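Enquirer: Everything in the sequence shown is counted per the working numbering, starting at 1 for the first residue and increasing by one. After the structure tokens below, expect a handful of questions from me.
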Amino acid sequence: MPELAYVNGQFMSLAQATVPVEDRGFQFADSVYEVLRTYGGQPFALDEHLARLRRSLAAIALDYPTDNLRGIIAEAVRRAAFPEAVIYLQITRGVAPRHRAIPAQVRPTLVLTVRALVPHPEWQEHGIRVITVPDNRWGRCDIKSVGLLANVLAHQAARNAGAHDAIFVEADGTVNESTAGNVFIVRAGQLLTPPKSHRILAGITRDKFLAITPVTETRITAADLLGADEVFLTATTVEVVPVVMVNGKPIGSGTPGPVTRRSLELFHKNFRPAGPSRG
1 MPELAYVNGQ
11 FMSLAQATVP
21 VEDRGFQFAD
31 SVYEVLRTYG
41 GQPFALDEHL
51 ARLRRSLAAI
61 ALDYPTDNLR
71 GIIAEAVRRA
81 AFPEAVIYLQ
91 ITRGVAPRHR
101 AIPAQVRPTL
111 VLTVRALVPH
121 PEWQEHGIRV
131 ITVPDNRWGR
141 CDIKSVGLLA
151 NVLAHQAARN
161 AGAHDAIFVE
171 ADGTVNESTA
181 GNVFIVRAGQ
191 LLTPPKSHRI
201 LAGITRDKFL
211 AITPVTETRI
221 TAADLLGADE
231 VFLTATTVEV
241 VPVVMVNGKP
251 IGSGTPGPVT
261 RRSLELFHKN
271 FRPAGPSRG
């Protein structure tokens, strides 16, 4: 099945999709985005994703009506017809001559892509390795901006170190989040996660998880991370992923722990539809 794109009112194959070189999303990262997945062919937590998109748009003063996005997403998923899909949605300020000043009159650009979801059951079964890196990102990580160079470099540093991902840590030792997910630790049977702030993205999976199980939102340090009984990450496309090693040090027994496994089972019980996926 061809991967699908939608650009400013037109559906096309992803290979055909283009945006102008003076689009401000391309030149300034003047743009916000969302990533959704489907369960049973239906977008998961669509209301929550659209609400977060509206918050991001408001935070950068980008006026874009989102009422039509539900229909566009539904039609894109229908046309792509993947058993399960990942939907990427991006809104930029639009096309204008390159200048830092925000133009008074400019039409926003809407880009949407649909790809097949590639599951990683081996990550949930065996866990992943991560490293910690200094958090040198900008101060508004709660805005889902496309300005992700620091995330890209941190992820590559993890790959170069033989790990799967990186966790951002402040100079004072405060743990924030991974390059694409929220961090949870287990200490003495208690689940802990960093509280919402400008330094982390309010993850949809994180919030869904907090709604179904007791979790304490509190500051976590690098020492807490390394000394935890269990560690896991949450994110839209991978759900709950055990972390079994940080900076080369095994977490707990070095295998996915019982609380993490129960957390994944609980997430599936509450949010995965019964029966097989559409296919």
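Ideal placement from N, C-alpha and C gives every residue a C-beta, glycine not left out. Small disclaimer: the values here were computed from a predicted structure and weren't measured.
Along the alpha helix (DSSP H) that carries Val19, what are the first and last residues, could you check?
Expert: Premise fails: Val19 is in no alpha helix (DSSP H) and is neither H nor E.
Enquirer: Report the residue ranges of all beta strand (DSSP E) runs contained in full by the stretch 50 to 135; include only those spanning at least 3 residues, in chain order.
Expert: Qualifying beta strand (DSSP E) stretches, in chain order: 85 to 92, 109 to 116 and 128 to 134.
Enquirer: Which partner residues of Asn182 appear in the DSSP bridge assignment?
Expert: Beta-bridge pairing links Asn182 to Thr234.
Enquirer: If distances are taken between C-alpha atoms only, which option among Glu75, Thr213, Val77 and Tyr33 comes closest to Leu57?
Expert: The residue with the shortest Cα to Cα distance from Leu57 is Tyr33.
Enquirer: Output needed for Thr174: all residues of its chain with C-beta closer than 7 Å, excluding positions within five of it in sequence on either side, in chain order.
Expert: Closer than 7 Å at the Cβ level, and outside the excluded window around Thr174, lie Arg219 and Thr221.
Enquirer: Given a threshold of 16 other Cβ atoms within 10 Å of its Cβ, counted over all protein chains shown, does Ile212 qualify as buried or as exposed?
Expert: Flag for Ile212 reads exposed.
Enquirer: Among the candidates Ile143, Arg199, Pro119 and Val183, whose CA atom is the shortest distance from the CA of Leu62?
Expert: When only C-alpha atoms are compared, the closest one is Ile143.
Enquirer: Indicate the three-state DSSP secondary structure (helix, strand or coil) for Phe44 in the structure shown.
Expert: Here Phe44 sits in coil by DSSP.
Enquirer: Could you spell out the range, first to last residue, of the alpha helix (DSSP H) harbouring Thr205?
Expert: From DSSP, the alpha helix (DSSP H) with Thr205 extends over Ile204 to Leu210.
Enquirer: What residues in its chain sit with their C-beta under 7 Å from that of Thr234, if we drop five residues either side in the sequence?
Expert: For Thr234, where only same-chain residues beyond five positions count, the Cβ hits under 7 Å are Gly181, Asn182, Phe184, Gly203, Thr205, Arg206, Phe209 and Val240.
Enquirer: Are the stretch 75 to 90 and the stretch 126 to 145 touching, with three or more C-beta to C-beta distances below 8 Å?
Expert: Too few Cβ pairs lie closer than 8 Å, so no.
Enquirer: Please list, in chain order, all residues of the same chain as Ala5 whose beta carbon is under 6 Å from its beta carbon, the five residues on each side excluded.
Expert: Within the same chain, Ala5 has close Cβ partners Met12, Leu14, Ala17 and Thr113.
Enquirer: Looking at the secondary structure, which residues open and close the alpha helix (DSSP H) in which Leu24 lies?
Expert: The identity of residue 24 in the sequence shown is Arg, whereas the question assumes Leu. Per DSSP, Arg24 belongs to the alpha helix (DSSP H) from Arg24 to Phe28.
Enquirer: Go through its chain and collect everything with a Cβ distance to Leu245's Cβ below 6 Å, but skip five positions before and after it.
Expert: The question names Leu, yet the displayed sequence has Met at residue 245. Arg129, listed in sequence order.
Enquirer: Under the three-state reduction of DSSP, which class applies to Asp165: helix, strand or coil?
Expert: Strand at Asp165.
Enquirer: Spatial neighbours of Gly139 within its chain, please: C-beta separation below 7 Å, excluding the five flanking residues on both sides.
Expert: Within the same chain, Gly139 has close Cβ partners His198.
Enquirer: Counting along the chain, where does the alpha helix (DSSP H) carrying Arg159 start and finish?
Expert: Per DSSP, Arg159 belongs to the alpha helix (DSSP H) from Leu149 to Asn160.
Enquirer: Closest to Arg54 by CA distance: which of Lys196, Ser31, Asp229 and Arg261 is it?
Expert: Looking at the Cα atoms, Ser31 is the closest of the given residues.
Enquirer: Kindly indicate which three-state DSSP category Ala228 falls into: helix, strand or coil?
Expert: In this structure, Ala228 counts as coil in the three-state DSSP scheme.
Enquirer: Helix or strand or just coil, what does DSSP make of Leu14?
Expert: Correct three-state label for Leu14: helix.
Enquirer: Report the rounded CA-to-CA distance for Leu266 versus Val169, giving the unit in angstroms.
Expert: Their backbone Cα atoms lie some 29 Å apart in a straight line.
Enquirer: Which one or two residues does DSSP pair with Val240 in a beta bridge?
Expert: Bridge partners of Val240: Thr234.
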